Amino acid sequence: MSKSKQNSLTHVDANNRPRMVDVGAKTITARSATARVTVCFPSVVARALRDGGMRAKKGPVIDTAIIAGTLAAKRTHALIPFCHPLAIERCDIAAEFASDTDLEIRCTVAVSHKTGVEMEALTGASVAALTVYDMCKALSHEIVIADLRLVEKSGGKRNVKGGKVTK
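First residue of the sequence shown: 6, per our numbering; consecutive thereafter.
The structure is reproduced here in structure tokens:
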């Protein structure tokens, strides 16, 4: 069955074998991506964290999550086999409560390169959320990491805004 080039998988060759995408002929452009994830706490845990200045027995929760997420974004190529190694120029991670119990983490990554940074943003956000879980699991194992998604991307063939392709 033949697929159009637009709908084909980029990491599979003509023989259905896995491959890294060749970006050699692409133009270097400024590219950025933002991912979001939510860490949902039981209300008692969320209250305890807020009352404790977002510190757990292991230390400052948000600061540690920012460091871990940044390290993960920089090392995405070591975790996901077909990601290109990138010299990331910017990685911003922010975390704030979106409700009484839901902590929203956003990771924005930027680079000037031939390939995008969506996977780096998604990896940074997810590892930051996993770090929050690790630091808070002594308080509860009912913490849920939910709704990891790409919310914005620019600089390649297709842009994304609000989770929807715009170009």
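Every residue gets a Cβ at the ideal spot worked out from N, C-alpha and C, and that includes glycine. Quick caveat, the model's predicted, so the values are computed rather than measured.
Once DSSP output is grouped into helix, strand and coil, what is the label at residue i?
{"i": "Ile71", "result": "helix"}
{"i": "Val66", "result": "helix"}
{"i": "Lys169", "result": "strand"}
{"i": "Thr32", "result": "coil"}
{"i": "His82", "result": "helix"}
Determine, using beta carbons only, whether residue i and residue j come nearer to each other than 7 Å.
{"i": "Glu109", "j": "Thr43", "result": "yes"}
{"i": "Arg36", "j": "Val137", "result": "no"}
{"i": "Val114", "j": "Ile85", "result": "no"}
{"i": "Ser145", "j": "Pro47", "result": "yes"}
{"i": "Arg154", "j": "Arg41", "result": "yes"}
{"i": "Thr81", "j": "Met124", "result": "yes"}
Counting contacts by CB-CB distance shorter than 7 Å, is residue i in contact with chain B?
{"i": "Gly121", "result": "In the structure shown, chain B does not exist; there is a single protein chain."}
Rounded to whole angstroms, how far is the Cβ of residue i from the Cβ of residue j, which I believe are closer than 8 Å?
{"i": "Ser51", "j": "Asp139", "result": "Sequence inspection shows Ala at residue 51; the Ser mentioned does not correspond to that position. That belief does not hold up - the Cβ atoms of Ala51 and Asp139 are roughly 17 Å apart, past 8 Å."}
{"i": "Ile175", "j": "Lys119", "result": "Nothing about residue 175 can be read from this structure; the chain reaches only from 6 to 172."}
{"i": "Ala83", "j": "Ala143", "result": "About 29 Å separates the two Cβ atoms, so there is no contact after all."}
{"i": "His89", "j": "Val28", "result": "7 Å"}
Within its chain, find whatever has a CB closer than 8 Å to the CB of residue i; leave out the 5 residues flanking it on each side and keep chain order.
{"i": "Val149", "result": "Val44, Cys45"}
{"i": "Ala103", "result": "Thr43, Glu109"}
Tell me which same chain residues have a C-beta within less than 7 Å of the C-beta of residue i, skipping the five on either side of it?
{"i": "Ile71", "result": "Ile98, Ala133"}
{"i": "Thr69", "result": "Thr136, Met140"}
{"i": "Glu157", "result": "Ala38, Thr39, Val165, Lys166"}
{"i": "Ile67", "result": "Met59, Ala100"}
{"i": "Ala151", "result": "Thr43, Cys45"}
Using a Cβ-Cβ cutoff of less than 6 Å, which residues in the same chain neighbour residue i once the five nearest sequence positions on both sides are dropped?
{"i": "Cys112", "result": "Ala40, Gly74, Ile98, Ala126, Gly129, Ala130"}
{"i": "Phe87", "result": "His16, Met25"}
Hey, would you say the C-beta of residue i is under 6 Å away from at least one heavy atom of the ligand GTP?
{"i": "Arg36", "result": "The model depicted lacks the ligand GTP and carries no ligand whatsoever."}
With three or more C-beta pairs closer than 8 Å as the rule, is the stretch 72 to 80 touching the stretch 120 to 128? yes
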